[in-house]
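Here's the structure, in structure tokens; my notes come after.
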């Protein structure tokens, strides 16, 4: 099967939908395909709970939002991209408001704001604690108005077709039939999200397996800053379900076994509303030094919302209450919740500039799959959904400009047949290794050696173990030999993607001999701006990961000591 569209967007979350709308709003004659392995309303973006950052408070300013973002990023963010980002955030909030997003309001009808970690003022716009859900549904309803956008749900990305450093199209499996499908395109936008399922204890949906990152990486596009993974402080024990930062934004406390608000020792000014890397490290330290609580699922910290009262919890945190009751059997109105740090966000991703352009002409990346970089070494809460909206629109507009007056590049039959051969080779594998066992072991490696605290010997073990898993992966067995809805095949390909990405994470982390943001080394506990104020760039080669570096763009704010 073959399709031809001017622009093909891979991913149907916030960033992908915003990109599609940006194109359709400006030109109804440009054909757009939105290709996704899920339905748009089932994308991982619906899991975003707490809010979306934008400057609306009269005491606030764009410079202050930018400064908070740069400082939160431990100065690894590109400041030109950050300044562009913060200037566009309020426009996106008002645009979604006009499209019907049900933002929470103050009594006088204004859009409500709540505090979030690392933000100097109330800057987080929200829709109770279902912000992502409402943003996704607002965009989806909008998309249905444009006849030039066609949605291909349940199509799984397998490869990009690139010739002479220019995109020609992509291939994807139609999950319903098992047929490999060719999408010819003048431009491709990758908006496939992060890679959080590299970890076992994670807030991510099971379909967030880094597909777009891995496929671009295999085509020679570098991955930037992959050593920086965010660990959110408050994952519900034992499921890992996110207990949004809005819990602390609304006034929740973190307590150890002595019922002490221990954050006063680590961030005396911000307390529970310090940036996520600071809070997660503090919690982990409490746990390993014997000050945590212990239950049937091991050590944990208490998230106490009881003092907020039932009325406020029902008004501001209804989803959290529902999830806590359903998945932990605890009503947060009555008792504190058991939580601990959990893998939550991929700060790194496909190397792009602030226009969302890669080095491949016509190939763009936006949202969590991309590293622009505005998050640097640590993302501030509520900046991610803003990023998806702002840079989704920017990617769409730039892709539109690129395809105007441009012809399609013909995809040769043998290029498609080669991709088909690779998929058939995986499908027909009848080896001795279980892909599911390999995935389980990969999760254990990441959880054990590339978690909140890292050190050289552990990361070396991780690199070696991942190499071994990659060798074993060559001998996997696909048990299901049917074509339609073959999740065995899809899952196995996803694991191949994750192994490539895990190797990039591990090697880049091993090489970075400093502590910065979410990358904290016990053997190098200080930030080193002399040697390491630079982005890592991971390239895939036949011999493994090759790492290069690129400078950080600094416009206004020189690095200083980071205190909260």
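Residue numbers (our numbering): 438 to 1001.
Think of the CB as a built atom: it goes at the ideal place given N, C-alpha and C, for glycine as much as any other residue.
By alpha-carbon positions, which one of the options ends up nearest to residue i?
i, options, result
"residue 661", "828, 813, 739", "813"
"residue 639", "703, 611, 680, 623", "680"
"residue 790", "522, 483, 512, 502", "522"
"residue 605", "547, 548, 847, 614", "847"
"residue 665", "745, 513, 857", "513"
"residue 831", "463, 440, 860, 439", "463"
"residue 508", "982, 977, 964", "964"
"residue 928", "766, 648, 623", "648"
"residue 652", "689, 505, 593", "593"
"residue 829", "455, 445, 915, 449", "455"
"residue 962", "973, 950, 972", "950"
"residue 520", "502, 572, 788, 677", "502"
"residue 730", "713, 706, 968, 695", "695"
"residue 908", "871, 921, 917, 481", "871"
"residue 510", "820, 529, 599", "820"
"residue 992", "482, 449, 497, 504", "504"
"residue 486", "902, 823, 518", "823"
Provide the residue(s) that pair with residue i in DSSP beta bridges, ordered along the chain.
i, result
"residue 788", "808"
"residue 973", "986"
"residue 473", "590"
"residue 667", "782"
"residue 440", "620"
"residue 598", "606"
"residue 777", "672"
"residue 566", "Residue 566 pairs with nothing; no bridge assigned."
"residue 735", "732"
Assign residue i to one of two classes, buried (16 or more other C-beta atoms within 10 Å of its C-beta) or exposed (fewer than that).
i, result
"residue 612", "buried"
"residue 979", "exposed"
"residue 1002", "What the structure shows of the chain is the stretch from 438 to 1001, and residue 1002 is not part of that stretch, so it cannot be assessed."
"residue 582", "exposed"
"residue 720", "buried"
"residue 527", "buried"
"residue 867", "exposed"
"residue 438", "exposed"
"residue 1014", "The first residue shown for the chain is 438 and the last is 1001, placing residue 1014 beyond what the model contains."
"residue 562", "buried"
"residue 795", "buried"
"residue 568", "buried"
"residue 755", "exposed"
"residue 571", "buried"
"residue 905", "exposed"
Run through DSSP, which three-state label would residue i get?
i, result
"residue 549", "coil"
"residue 890", "strand"
"residue 953", "strand"
"residue 816", "coil"
"residue 679", "strand"
"residue 853", "helix"
"residue 640", "coil"
"residue 914", "strand"
"residue 690", "strand"
"residue 619", "strand"
"residue 511", "coil"
"residue 653", "helix"
"residue 406", "For residue 406 there is no data in the structure shown, the boundaries of the chain being 438 and 1001."
"residue 876", "helix"
"residue 628", "coil"
"residue 488", "coil"
"residue 404", "Any question about residue 404 goes unanswered here, given that the chain covers just 438 to 1001."
"residue 729", "coil"
"residue 453", "helix"
"residue 906", "helix"
"residue 658", "coil"
"residue 575", "helix"
For the structure I just gave you, are there three or more beta carbon pairs, one from the region 803 to 811 and one from the region 773 to 789, closer than 8 Å? Yes: the two stretches touch, three or more of their Cβ pairs being nearer than 8 Å.
Is the region 684 to 693 touching the region 710 to 728 in the sense that three or more CB pairs, one from each, lie closer than 8 Å? Yes: at least three Cβ pairs fall under 8 Å.
With three or more beta-carbon pairs closer than 8 Å as the criterion, would you say the region 574 to 589 touches the region 466 to 484? Using a Cβ-Cβ distance cut-off of 8 Å, the region 574 to 589 and the region 466 to 484 are in contact, since at least three pairs of beta carbons, one from each stretch, lie closer than that value.
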